[in-house]
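Participant:
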Amino acid sequence: MIQLFAFYLFATIVIASAAMVIFARNPVHSVMWLILAFFNAAGLMLLAGAEFIAMLLIIVYVGAVAVLFLFVVMMLDIDFAELRAGFVRYLPLGALVAVILAAELVFALGAWSAGGIDLAARAAPATPDKSNIQQIGELLYTRYIFLFEAAGIVLLVAMIGAIVLTHRTRGGVRPQKIADQVRRRPQDATRLVDPGVGQGMEL
Amino acid sequence: MSADLALIWPELILTIGGLITLMLGTFAGDRQVGLYQLASLVTLAAAAVAVIALFGTEATVFSGTLAVDAFGGFAKLLIYAASFVCIAIAPRFFRDGMRAEYPVLILFAALGMGIMASARDLMTLYVGLELNSLAAYVLASFMRTDDRSSEAGLKYFVLGSLASGMLLYGISLLYGFTGTTDFAGIAKALGGEMGTGLLFGIVFVIAGLAFKISAVPFHMWTPDVYEGAPTPVTTFFASAPKVAAMVLLTRVIVGAMAPAIGAWQQIVIFLALASIILGAVGAIGQKNIKRLLAYSSINNVGFILIGLAAGTQQGVEAVLSYLLVYVVTTIGSFLVVLQLRDREGQQVESIPALAGLSQYRPGLAAAMAVFLLSLAGIPPLFGFWPKYLVFEAAVNANLVPLAVAGIVASVIGAFYYIAVIKTMYFDERSEAEVSGGGNILEGTIVAVSALWLSVIGYLFIGPLATASAHAASVLF
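Protein sequences, first through last, are from chains F and D. 1 is the number of the first residue of the first sequence in the UniProt record's numbering; add one for each residue after it. 1 is the number of the first residue of the second sequence in the UniProt record's numbering; add one for each residue after it.
Here it is, written out as structure tokens:
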């Protein structure tokens, strides 16, 4: 019973918050609604018995979106005094989202421990004695090992590409020259001067 | 597992060689052009040797995600050869701007294309395609201080991501409705009842791949990217990735979608006709030789698709032969473009500047004329032979109207090729005279490919036909 109720709750909030992502005028609000939508989608996945995907949604999407949000704040020309002034005004909304998320977390865990929803048509029956994560791991490192390694090369190419496109050798930097530093002798670096009284000296 | 590893030597060599080249570039510095260039060329040659050594082996490795067969081997040899040339010609073009990442990215792109050519699973297809595409986006904007190059890279990236999205959507539909990502499994499922979902999946997968071979109506990026990218990179784009994507499309269509011929054949026929006609008509007004060659590649992809539309073994043989001749012609013509520099050493790309080229660079003009006429498929030249094969395959598959339409459109296409030749041979010598000789390597490649395309190519028809027939027979 609790699963069914949880399903409808999560599904409604996903759709409603997804709509709000589009309708919100303030981009910061849109991101907030987006996080709420991801969180509820994760709840749905949990109900379907795919706890690994649920975790991915939270860690990757919510985490990544939070970082993206940070970037937006850094890149946009936002007056921080104004932003801080808005903090109090937005506090109720932010607090509301936080409370909903916290409540859902408790709720989803309760529903999950009560057992998953029986989906009408599953493509393949899951082996009951193994967790999703274990099964995905086994497939990834045996059957799909070639694709897994190739995906690693794709990431390497992406990294090389980012360096090719953005790396510049800047002039005027002062790198360490360890050999020169070690070779330096007191007589190269110090000199004795005998300044006249009241004349000062030039370095 | 270790038995499987012995069958993917080409991929292993490319990966290790790419990493070594990267390390050489990082620690020896970008100035050591000869060093890292040599490393990358040796890597490609070794990978090609490994492919040749594996000829005759027929196996599926890594739980059916990858196929090792003659079809993939044929494509890989072409891809590696084209990549080899594109690395060899680069240092002279980039001069001071050559960086070690160029050969590294080409090596990894070649690795991705090799994976594409031997894919027999939708996931392998996607990983290979992305590996190739990611490297290509970066290569397009390799001269990042150049506005046109950056623009080309950005355009390619945005449109390429869109195409990847479409492809993934199609893949997810196919997987959802067939329950497998394996080509053979999909073919088995398609043998049954065809639902709307499957049809949509087929349409989206073909659309995503059509973008990669720049078939009309997914060709919009081609002229801009070809014009903006550095010329050696354009040479690369026009040759190797075309082969890989075309071979991949052939594998998907013949290997996975064969039972649903009613669904894909009309799409391929439409792509073929639209590409031939738009490639021919769009090229007419072009003033930039690289844009003209871009339209020419769209036009030629249309002809290759005619062979694929037949869907028979003969059609696939024609596709392979066409790809071989097309790659040689394209590399040759872009190498000629690479030779054209004005007195300050800047690249010349405008067609009017070629006026009277035959009077002061007769060899270069003659080679260009051979390449253009061969691209047009004028009979005495070797470019005629694959066009003939393609039309023959279409006629034998009862696609006579398609063949007739293709022949008519190829006559339109001949117009603009001949217009360029007229500019080179019969126009007044232009003020902006081009000069600057090539080096021995480029001159040799141009001369050999021009000779091969003129008449000598016909001597190789026998072995070539045997090789393509052997490669194509794997799929049937």
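Beta carbons: idealized from backbone N, C-alpha and C, even for Gly.
With the cut-off set at 9 Å, would you say residue 350 of chain D and residue 289 of chain D are in Cβ contact?
Facilitator: The residue you call residue 350 of chain D lines up with position 350 of the second sequence. The residue you call residue 289 of chain D lines up with position 289 of the second sequence. Yes, these two residues count as a Cβ contact at 9 Å.
Participant: May I ask you to list the residues that DSSP assigns as paired with residue 59 of chain D?
Facilitator: Counted from its first residue, the second sequence places residue 59 of chain D at position 59. D/68, per the DSSP bridge assignment.
Participant: Judging by CA-CA distance, which residue of D/278, D/216, D/206 is the nearest neighbour of residue 265 of chain D?
Facilitator: Locating residue 265 of chain D in the second sequence gives position 265, counting from the first residue. The shortest C-alpha separation from residue 265 of chain D is found at D/206.
Participant: Using the Cα positions of residue 47 of chain F and residue 111 of chain F, report the straight-line distance between them to the nearest angstrom.
Facilitator: The residue given as residue 47 of chain F occupies position 47 in the first sequence. The residue given as residue 111 of chain F occupies position 111 in the first sequence. Approximately 7 Å between the Cα atoms of the pair.
Participant: On the CB-based measure, 16 or more other CB atoms within 10 Å of its CB, does residue 269 of chain D come out buried or exposed?
Facilitator: Taking the first residue of the second sequence as position 1, residue 269 of chain D is located at position 269. Per the 10 Å Cβ criterion, buried.
Participant: Thinking just about the alpha-carbon of each residue, which of D/178, D/255, D/444 is nearest to the one in residue 193 of chain D?
Facilitator: Within the second sequence, numbered from 1, the residue matching residue 193 of chain D stands at position 193. Ranking D/178, D/255, D/444 by Cα distance to residue 193 of chain D puts D/178 first.
Participant: With a CB to CB cut of under 7 Å and the five nearest residues on each side skipped, what residues in its chain are close to residue 137 of chain D?
Facilitator: Residue numbering aside, residue 137 of chain D sits at position 137 when the second sequence is read from its first letter. Result list for residue 137 of chain D: 153, 156, 157, 160, in chain order.
Participant: In angstroms, rounded to a whole number, what distance separates the CA positions of residue 224 of chain D and residue 168 of chain D?
Facilitator: By one-based count along the second sequence, residue 224 of chain D stands at place 224. By one-based count along the second sequence, residue 168 of chain D stands at place 168. Spanning the two alpha carbons is a distance of roughly 25 Å.
Participant: Taking Cβ-Cβ distances below 8 Å as the criterion, which residues of the segment 54 to 80 of chain D are in contact with chain F?
Facilitator: So the list reads 61, 62, 63, 65, 66, given in the order they occur along the chain.
Participant: Using the Cα positions of residue 75 of chain F and residue 68 of chain F, report the straight-line distance between them to the nearest angstrom.
Facilitator: In the first sequence, the residue the question calls residue 75 of chain F occupies position 75. In the first sequence, the residue the question calls residue 68 of chain F occupies position 68. If you take the alpha carbons of residue 75 of chain F and residue 68 of chain F, they lie about 10 Å apart.
Participant: Within this structure, are the beta carbons of residue 240 of chain D and residue 110 of chain D separated by less than 9 Å?
Facilitator: Counting from one through the second sequence, the residue named residue 240 of chain D turns up at place 240. Counting from one through the second sequence, the residue named residue 110 of chain D turns up at place 110. In contact: residue 240 of chain D and residue 110 of chain D (Cβ atoms closer than 9 Å).
Participant: Mind checking whether residue 89 of chain D and residue 442 of chain D have CB atoms under 9 Å apart?
Facilitator: Along the second sequence, read from residue 1 onward, the residue named residue 89 of chain D stands at position 89. Along the second sequence, read from residue 1 onward, the residue named residue 442 of chain D stands at position 442. Yes, the pair counts as a contact, with Cβ atoms nearer than the cut-off.
Participant: Check this for me: beta carbons of residue 74 of chain D and residue 45 of chain D, under 9 Å apart or not?
Facilitator: Along the second sequence, one-based indexing puts residue 74 of chain D at 74. Along the second sequence, one-based indexing puts residue 45 of chain D at 45. No, these two residues do not count as a Cβ contact at 9 Å.
Participant: So, residue 143 of chain D versus residue 230 of chain D, is the Cβ gap smaller than 9 Å?
Facilitator: As a position in the second sequence, residue 143 of chain D is number 143, starting the count at 1. As a position in the second sequence, residue 230 of chain D is number 230, starting the count at 1. Closer than 9 Å, so yes.
Participant: Check whether the Cβ atoms of residue 38 of chain F and residue 58 of chain F lie closer than 9 Å to each other.
Facilitator: Position 38 of the first sequence holds residue 38 of chain F. Position 58 of the first sequence holds residue 58 of chain F. Yes, Cβ-Cβ distance for residue 38 of chain F and residue 58 of chain F is below 9 Å.
Participant: Taking 9 Å as the threshold (beta carbon to beta carbon), is residue 31 of chain D in contact with chain F?
Facilitator: Counted from its first residue, the second sequence places residue 31 of chain D at position 31. No, no contact with chain F.
Participant: Please state whether the Cβ-Cβ distance between residue 314 of chain D and residue 248 of chain D is less than 9 Å.
Facilitator: Here residue 314 of chain D is taken as the residue at index 314 of the second sequence, counted from 1. Here residue 248 of chain D is taken as the residue at index 248 of the second sequence, counted from 1. Against a cut-off of 9 Å, the Cβ pair of residue 248 of chain D and residue 314 of chain D comes out as no contact.
Participant: Could you give the C-beta distance for residue 136 of chain F and residue 52 of chain F, rounded to a whole number, given that I count them as a contact under 8 Å?
Facilitator: Your numbering for residue 136 of chain F matches position 136 in the first sequence. Your numbering for residue 52 of chain F matches position 52 in the first sequence. The pair is a contact, with the Cβ atoms about 6 Å apart (cut-off 8 Å).
Participant: Where does residue 43 of chain F fall in DSSP's three states?
Facilitator: Here the question's residue 43 of chain F lines up with position 43 in the first sequence. Looking at residue 43 of chain F - three-state DSSP - the assignment turns out to be helix.
Participant: Starting from residue 145 of chain F, find everything on chain D with Cβ-Cβ shorter than 7 Å and list it in chain order.
Facilitator: Here the question's residue 145 of chain F lines up with position 145 in the first sequence. Under the 7 Å cutoff, chain D gives 62.
Participant: Step through the CB atoms of chain F and report whether any lies within less than 9 Å of the CB of residue 134 of chain D.
Facilitator: For the purposes of this step, residue 134 of chain D is identified with residue 134 of the second sequence, where counting begins at 1. Residue 134 of chain D counts as touching chain F.
Participant: Taking residue 77 of chain D and residue 51 of chain D to be in contact with their CB atoms under 8 Å, please state how far apart those CB atoms are, rounded to whole angstroms.
Facilitator: Looking up residue 77 of chain D in the second sequence gives position 77. Looking up residue 51 of chain D in the second sequence gives position 51. Sure, about 6 Å apart at Cβ, within 8 Å.
Participant: Could you please give the first and the last residue of the uninterrupted alpha helix (DSSP H) stretch that includes residue 188 of chain D?
Facilitator: As a working note, residue 188 of chain D is residue 188 in the second sequence. Note, residue 188 of chain D: alpha helix (DSSP H), 183 to 190.
Participant: Please report whether the beta-carbon of residue 141 of chain D lies at a distance below 9 Å from any beta-carbon of chain F.
Facilitator: On the second sequence, residue 141 of chain D is found 141 positions in, with the first residue counted as 1. For residue 141 of chain D, the answer is yes, since a Cβ of chain F falls inside 9 Å of its Cβ.
Participant: Report buried or exposed for residue 474 of chain D, applying the criterion of at least 16 other Cβ atoms within 10 angstroms of its Cβ.
Facilitator: Here the question's residue 474 of chain D lines up with position 474 in the second sequence. Looking at its Cβ environment, which holds 16 or more other Cβ atoms inside 10 Å, residue 474 of chain D is buried.
Participant: For residue 291 of chain D, I'd like the list of residues in its chain whose CB is within less than 7 Å of its CB, leaving aside the five on either flank, ordered along the chain.
Facilitator: For the purposes of this step, residue 291 of chain D is taken as the residue at position 291 of the second sequence. Same-chain partners within the cutoff: 223, 226, 227.
Participant: Between residue 198 of chain D and the rest of its own chain, which residues show a CB-CB distance below 6 Å, the 5 nearest in sequence each way excluded?
Facilitator: Looking up residue 198 of chain D in the second sequence gives position 198. Answer for residue 198 of chain D: 177, listed in chain order.
Participant: Run down chain F in chain order and give the residues with a C-beta less than 9 Å from the C-beta of residue 124 of chain D.
Facilitator: The residue you call residue 124 of chain D lines up with position 124 of the second sequence. What residue 124 of chain D touches in chain F: 146, 147, 150.
Participant: Check whether chain D comes within 9 Å of residue 171 of chain F, counting only Cβ atoms and requiring the distance to be less than that.
Facilitator: Against the first sequence, residue 171 of chain F aligns to sequence position 171. Judged by the 9 Å Cβ criterion, residue 171 of chain F is not in contact with chain D.
Participant: Output yes if chain F places a C-beta closer than 9 Å to the C-beta of residue 3 of chain D; else output no.
Facilitator: As a first step, residue 3 of chain D is located in the second sequence; it is residue number 3 there, counting from the start. False, the Cβ-Cβ gap to chain F never drops below 9 Å.
Participant: Within the 9 Å Cβ cut-off, does residue 197 of chain F reach chain D?
Facilitator: Within the first sequence, residue 197 of chain F is the residue found at index 197, counting from 1. No, because no Cβ of chain D sits closer than 9 Å to the Cβ of residue 197 of chain F.
Participant: Identify every run of the alpha helix (DSSP H) within the segment 259 to 347 of chain D, keeping only runs that are complete inside it and at least 4 residues long; order them along the chain.
Facilitator: Qualifying alpha helix (DSSP H) stretches, in chain order: 261 to 283, 289 to 310, 313 to 339.
Participant: Does residue 397 of chain D come out as helix, strand or coil in the three-state DSSP assignment?
Facilitator: One-based indexing of the second sequence puts residue 397 of chain D at position 397. Correct three-state label for residue 397 of chain D: coil.
Participant: CA-CA distance, residue 72 of chain D and residue 159 of chain F?
Facilitator: Reading the second sequence from its first residue, position 72 is the one you call residue 72 of chain D. Reading the first sequence from its first residue, position 159 is the one you call residue 159 of chain F. The alpha-carbon atoms of residue 72 of chain D and residue 159 of chain F are separated by roughly 28 Å.
Participant: Drop a sphere of 10 angstroms on the beta-carbon of residue 167 of chain F, count the other beta-carbons inside from all chains shown, and report buried for 16 or more, exposed for fewer.
Facilitator: As a working mapping, residue 167 of chain F is identified with position 167 in the first sequence. It counts as exposed.
Participant: Label residue 386 of chain D either buried or exposed according to how many other C-beta atoms from any shown protein chain fall within 10 Å of its C-beta, with 16 as the threshold for buried.
Facilitator: Your numbering for residue 386 of chain D matches position 386 in the second sequence. Buried.
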